[in-house]
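K.L.:
Sending over a structure as structure tokens; questions will come in a sec.
Now the structure itself:
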């Protein structure tokens, strides 16, 4: 099941929640609970005096202290234009930031994961696909 996120958002983000069929053992064993998709449009950046935030990921809900989150930039950042920085906007968040100048036209397709663990054991995993479209012009 997929829906726009958050309600009323105009940024083109979507989240899909996993629904397993009865007796689908592979689906039921998988700890991946959601997949989210987001597009980010960016003008070419010739000079960068400080990191530029692009989007933020985070765990929703009031988890107690026994839950921990860990974020990871899995793929799509081979040229090291971006970093994933945890805790910039609060606990259980990570912000994707541009750390190097980038020129377009260029498209980066990134895969990120958020792992939620409880008492050191994997609880759930959430995957995000973020597509960064870099335009040819600076503004």
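In this note's numbering, the protein residues as written are -8 to 130.
Every residue gets a Cβ at the ideal spot worked out from N, C-alpha and C, and that includes glycine.
These numbers come from a predicted model, not from an experiment.
1. Grab me the residues of residue -1's own chain with a C-beta within less than 8 angstroms of its C-beta, minus the 5 sequence neighbours each way, in chain order.
2. Find the nearest neighbour of residue 26 within the set 39, 9, 81, 64, judged by alpha-carbon distance.
3. Please state if the CB of residue 118 and the CB of residue 104 are separated by a distance shorter than 8 angstroms.
4. So, with DSSP's three-state summary, where would you put residue 17?
5. Can you name, in chain order, every residue of its own chain whose Cβ lies under 7 angstroms from the Cβ of residue 107, other than the five neighbours on each side?
6. Who are the Cβ neighbours of residue 23 in its own chain at under 8 angstroms, not counting the five residues just before and after it?
7. Nearest-angstrom Cα distance between residue -4 and residue 112?
8. Under three-state DSSP, which class holds residue 30?
9. Nearest CA to the CA of residue 63: which residue from 87, 79, 44?
10. Could you check where the beta strand (DSSP E) with residue 44 kicks off and where it finishes?
11. Using the DSSP secondary-structure output, state which residues sit across from residue 57 in a beta bridge.
P.N.:
Answer, in terms of the structure:
1. Note that residue -1 scores 40 on pLDDT, short of 50, meaning its location in the model is unreliable; the coordinates nonetheless yield the value given after this. So the list is empty, once near-sequence residues are dropped.
2. 9
3. yes
4. helix
5. 50, 58, 60, 114, 115
6. 9, 115, 116, 117, 118
7. With a pLDDT of 49 at residue -4, under the threshold of 50, the modelled position of that residue is not reliable, and the figure given next carries that caveat. Cα to Cα, the separation comes out at about 28 angstroms.
8. strand
9. 87
10. 43 to 49
11. Note: residue 57 sits in no beta bridge, so no partner.
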